[in-house]
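Participant: The following block contains the structure, expressed as structure tokens.
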Amino acid sequence: MRLDAIHHVAIIVSDYERAREFYVDKLGLEVIRDNERPHKGDRKLDLRLNDTCELELFVVPNPPARPSRHLAFAVESVADTVAELEARGITCEPIRHDEYTGRAMTFFFDPDGLPLELHE
């Protein structure tokens, strides 16, 4: 068996408008599908991260407490990406270096407090 790539990552968000503004308007992800799902009591927003990976946002009332996990994005330059995010009003933690790889990294948070990582 060979697993080739990550197809998608799914996260739960509490507010459609805030999540859409953050992930689409600020982070620049492209909307693939946007579906109300009354039979499930939620809304599902599928976003294109790149040619092979999608981010699925499930908007649910009363979302569960956040797990202690995070989503990490690979970027060419953490410093340049931090500058772009901060210009869009997104605060990032100070840039630090991974103690094992030596690569630059930092964290910022989505509107629901989900930690998002940038990693070179």
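So the sequence shown is numbered by our numbering: it starts at 89 and just counts up by one. Think of the CB as a built atom: it goes at the ideal place given N, C-alpha and C, for glycine as much as any other residue. A quick note: this is a predicted structure, and the numbers were derived from the prediction, not measured.
Following the continuous beta strand (DSSP E) through residue 159, name the residue where it begins and the one where it ends.
Facilitator: Residue 159 -> beta strand (DSSP E) spans 159 to 162.
Participant: Just to confirm before moving on: does the CB-CB distance between residue 112 and residue 135 stay below 8 Å?
Facilitator: Yes, they are a contact pair.
Participant: Taking just the CA atoms, how far does residue 197 sit from residue 115?
Facilitator: In a straight line, the C-alpha of residue 115 is about 12 Å away from that of residue 197.
Participant: Using 10 angstroms around the beta-carbon of residue 170, count the other beta-carbons present and answer buried if the total reaches 16, otherwise exposed.
Facilitator: When all chains shown are included, residue 170 counts as buried.
Participant: Give the DSSP-derived three-state secondary structure of residue 128 in the structure shown.
Facilitator: Three-state result, residue 128: coil.
Participant: Only counting the same chain, and skipping five residues up and downstream in sequence, which positions put a Cβ closer than 6 Å to that of residue 98?
Facilitator: Excluding positions up to five away in sequence, the list reads 144.
Participant: Would residue 167 pass as a contact of residue 183 if the rule is Cβ separation under 8 Å?
Facilitator: In contact: residue 167 and residue 183 (Cβ atoms closer than 8 Å).
Participant: Give me the Cα-Cα distance between residue 132 and residue 194, rounded to the nearest whole angstrom.
Facilitator: Each residue's Cα considered, the two are about 28 Å apart.
Participant: Apart from the five residues just before and just after residue 130, which ones in its own chain have a Cβ nearer than 7 Å to its Cβ?
Facilitator: Taken in chain order, the residues that qualify are 146, 147, 148.
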